[in-house]
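Let me begin by presenting the structure, written as structure tokens, before commenting on it.
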Amino acid sequence: MISRLWLPGILIGAAITPGFAQEFDSFGRSEVLPEPERDWVFVDYSLVDVADDRFLGLIGVAETFPSAAIEYSADGSSLFVVETFYTRGNRGDRTDTVTIFDTSTLGVSGEIVIPAKRALMLAVTGTLALTDNDRFLAVFNLTPATSISVVDVETRSFVGEISTPGCSLVFATGDLSYAMICANGDLLSVSLDENGREVSKERTEQFFDPEVDPIREPGVRYADEWLFASFDGILHSVDVSGSTPRIGESWSLLTASDRDQNWRITGRQPLAVHQQSGRLYVLARQNDEPLDDPADWDGTEIWSFDLATRERVQRLEALPESDESEGAGAAIGATSGDGASNIQVTQGDEPLLVSAAGSGISVRHAMTGEYLHERLQNAPSSGWLSLRIR
Amino acid sequence: MDSTNWIDRRFETGASHLARLTSRRSFLTRLGTLLLGGASIPLLPLSRAAAQAADAGFKDPDIEGDAGEPMNCDKWRYCSIDGFMSPCCGGSASSCPPGTEMSAVTWIGTCTNPADGIDYLISYNDCCGKSPCGQCFCNNNEDDMRSYVTARSNNINWCLAHSTTAYHSTVALVLGRADA
């Protein structure tokens, strides 16, 4: 009896023995991101460590459009996103900004007001481009007249607007140049001076027929090339090593046998490149009929190619989003639900292949295809995949 | 018809039909309350007034079955529509729902009228100024072009040149014979 009464007192006494100081939480502390790692990937605006399956933070964008393009400052301290605001929520006066976010907090650190003309459309790739010297950002405008707004990210100021009749979307092609895709299947090369002003505009030769076999918008940069896949599975390359873009040799991602079996290149984000190894990753599926828009159809497989030999070196299954998926058209925004809609590959010596379906993100070693995470637990279920370190 | 039934029916039609359900849907998902301001309109593919005048002179013939049903995604004049069908949202195939405004610019399709076998030009104007209707989504964009062929792309918010600019729904105006 006595021992039972005394026991709690003894335990309490032990907890407050001299020399032990209980630490209490301080109020108002917020995390700051450490130095970025190659395994960090933005899923739309959410930053995720895909190796560690860890949600790191969210870019503090204000607008509802979820898949804007992201560019980074040369020193990596800032990232840039274009936003559109109205004075009364969904109506009123419109203001467009290039909003600057601190990459260590993903919070706003500044803004540059640009003409309220930025294109509001499905494309992510091609809506925003930073010149290779990391100085001038171009924002694609559509009113429906087409133009670009040029912003100097060093002085944080709007430089001017360049009209680009007949040509849309914008891709960096050099220290002071961009290329745009024109409606008749050629490119417009736009050159700037050192202050970001227009020097010249020049059209390339036609390299595809938009009526017969259009290229898809989400191109990928591979060193000094831009690569675009066509509806019919042709990979087009644009060499941007010179002062004006040069159209490279195109080749088919599909063999004759693939075509016989109705394989097609699909997905919202169908291409990704590992720069160091020169491997191109591609989403593919079988479909009896040609697809009016391959973007709505998941890849059931992920193929990788050696860009030097053009040989297919891997065929991987893409995990479907779930057994319950009802497929394309089941809900607005749904893809076919039988594979992956977006792919990305991290850079460096140990690349990870990241693929997103409607309800989950898979991560595997890019070279072997071995899963690291069949499904991430601490990440958004789907979205546009952008590398934090390119 | 409610949208669920419509979706069910669409799924019964098989994969080749599903191939027509394409990217406008995803655009709308991302759209939310996304808006575009009162930008200038330097190049109109089609003026709103001209479109309305054209449709006012067209009498839609009686067609039995889905092809004649205003709230059915298989109605003949919806062959390239891509959005929420206006008749399900308080409007009609040729008029916008209350309180919305018809977009001044748009994309154009060509549909065959089963009643006379003639191809007609159809203007798919968006109804703008309110949040998405959410009823009877229909996506039959057979001749949709990539977004760099802007005048023929439905990956674009065609409320873009409007003062009240949220995407709400879409009409299908018959402009005239395609061979005229």
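Taken in order, these protein sequences are the chains called A and B.
So in this note's numbering the end of the first sequence lands on 395, straight run, no missing numbers.
So in this note's numbering the end of the second sequence lands on 310, straight run, no missing numbers.
Each residue gets a CB set at the ideal place from its N, CA and C atoms; glycine is no exception.
Report the option in L174(A), I117(A) and C187(A) whose CA atom is closest to the CA atom of S162(A).
Among L174(A), I117(A) and C187(A), the Cα nearest to that of S162(A) is on I117(A).
Count the other CB atoms, across all protein chains shown, that sit within 10 Å of the CB of S246(A); report buried if there are 16 or more and exposed otherwise.
Label assigned to S246(A): exposed.
Assuming L390(A) and Q274(A) are in contact, meaning their beta carbons sit under 8 Å apart, how far apart are those beta carbons, in whole angstroms?
The Cβ separation is near 6 Å, so the contact holds.
Contact check, G259(B) vs T230(B) under 8 Å by CB: the rounded distance?
G259(B) to T230(B), Cβ: 5 Å. Contact.
Looking at Q349(A): is its Cβ nearer than 8 Å to the Cβ of H279(A)?
For Q349(A) and H279(A), no; Cβs fall outside 8 Å.
Please name the residue in S51(A), S109(A) and I64(A) whose C-alpha comes closest to that of E88(A).
Nearest C-alpha to E88(A): I64(A).
State the start and end residues of the unbroken beta strand (DSSP E) segment that holds G143(A).
In the sequence as presented, Gly is not what sits at residue 143(A); that position holds Ala. Per DSSP, A143(A) belongs to the beta strand (DSSP E) from F141 to L147.
Three or more C-beta pairs under 8 Å: does that hold for the segment 232-246 of chain B against the segment 177-197 of chain A?
As far as the Cβ criterion goes, the segment 232-246 of chain B does not touch the segment 177-197 of chain A, which means the pair count is below three.
Taking the alpha-carbon of L127(A) as reference, which of T280(B), I252(B), A302(B) and S233(B) has the nearest alpha-carbon?
Comparing Cα-Cα distances from L127(A) to each of T280(B), I252(B), A302(B) and S233(B), the minimum goes to T280(B).
For L240(A), collect the residues of the same chain with a Cβ closer than 7 Å to its Cβ; drop the 5 residues on either side in sequence, then sort them by chain order.
Same-chain partners within the cutoff: L232, A234, S255, W256 and L258.
Looking only at its chain, what residues have a beta carbon closer than 6 Å to the beta carbon of L151(B), apart from the 5 residues adjacent to it on each side?
Because the pLDDT at L151(B) is just 34, under 50, the model does not fix this residue reliably, and the point stays unresolved.
Threshold first: 3 residues or longer. Then list the beta strand (DSSP E) segments lying entirely within the segment 140-209 of chain A, N to C.
If we require 3 residues or more, the beta strand (DSSP E) runs fully inside the segment 140-209 of chain A come out as 141-147, 151-157, 162-168, 172-179, 182-187, 192-197 and 203-208.
Contact check, L181(A) vs V158(A) under 8 Å by CB: the rounded distance?
No, L181(A) and V158(A) are not in contact; Cβ-Cβ is about 13 Å, not under 8 Å.
Given a threshold of 16 other Cβ atoms within 10 Å of its Cβ, counted over all protein chains shown, does E222(A) qualify as buried or as exposed?
Buried, by the Cβ-count rule.
On the premise that S387(A) lies in contact with A361(A), defined as a C-beta separation below 8 Å, what is that separation, rounded to the nearest angstrom?
Their Cβ separation, rounded to whole angstroms, is 5 Å, which keeps A361(A) and S387(A) in contact under 8 Å.
Starting from S253(B), trace the beta strand (DSSP E) in both directions and tell me its first and last residue.
I248 to Y254 is the extent of the beta strand (DSSP E) around S253(B).
Would you mind stating whether V53(A) and L392(A) have Cβ atoms separated by less than 8 Å?
Contact flag unset, no.
If you follow the alpha helix (DSSP H) that A261(A) is in, where does it begin and where does it stop?
Run containing A261(A): A261 to D265, per the alpha helix (DSSP H) assignment.
Confirm, please, whether the CB-CB distance from C257(B) to C226(B) is below 8 Å.
Their beta carbons are under 8 Å apart, which means C226(B) touches C257(B) by this criterion.
How many Å lie between D244(A) and T209(A) at the Cα?
In a straight line, the C-alpha of D244(A) is about 12 Å away from that of T209(A).
If you count every other CB in all the chains shown that lies within 10 Å of the CB of A121(A), and 16 or more means buried, which is it?
Buried: at least 16 other Cβ atoms inside 10 Å.
Measure the Cβ-Cβ separation of D273(B) and S283(B) and say whether it is below 8 Å.
No, the pair does not count as a contact, with Cβ atoms beyond the cut-off.
Between the segment 116-132 of chain A and chain B, which residues of the former have CB atoms less than 7 Å from a CB of the latter, in chain order?
Answer in chain order: A121, K122, L125, M126, L127 and A128.
Beta carbons nearer than 9 Å to chain B: which residues of the segment 369-391 of chain A have them?
Listed in sequence order: no entries.
Please report the residue range of the beta strand (DSSP E) in which G378(A) lies.
Sequence inspection shows His at residue 378(A); the Gly mentioned does not correspond to that position. That run of the beta strand (DSSP E) goes Y376 to H378.
Could you run through the segment 143-174 of chain A and flag, in chain order, every residue whose CB is less than 8 Å away from some CB of chain B?
Answer in chain order: L147, T148, P149, A150, T151, C172, S173 and L174.
Quick one: is Y278(B) near chain A, going by C-beta distance under 8 Å?
Y278(B) counts as touching chain A.
In terms of DSSP beta bridges, what is Y278(B) paired with?
Paired residues: none, contrary to the question.
DSSP on C289(B), reduced to helix/strand/coil?
Coil, per DSSP.
Measuring only the C-alpha atoms, how far is I75(A) from G81(A)?
Their backbone Cα atoms lie some 12 Å apart in a straight line.
From which residue to which residue does the beta strand (DSSP E) around A289(A) run?
Per DSSP, A289(A) belongs to the beta strand (DSSP E) from R284 to Q291.
Less than 8 Å between CB atoms is the rule here; does Q182(B) satisfy it with respect to chain A?
Reliability fails at Q182(B), whose pLDDT of 49 lies under 50, so the model's placement of it is uncertain and no value is given.
Check A277(A) in the structure and name its three-state DSSP category.
In this structure, A277(A) counts as strand in the three-state DSSP scheme.
In terms of alpha-carbon separation, which member of I193(B), C266(B), W237(B) and I248(B) lies closest to L290(B)?
Cα-wise, what sits closest to L290(B) is W237(B).
In the segment 203-242 of chain B, which residue ranges form an unbroken beta strand (DSSP E) of at least 3 residues, counting only runs that do not cross its ends?
Counting only runs of 3 or more, we get 212-214.
Are the Cβ atoms of M232(B) and V301(B) separated by less than 8 Å?
Contact flag set, yes.
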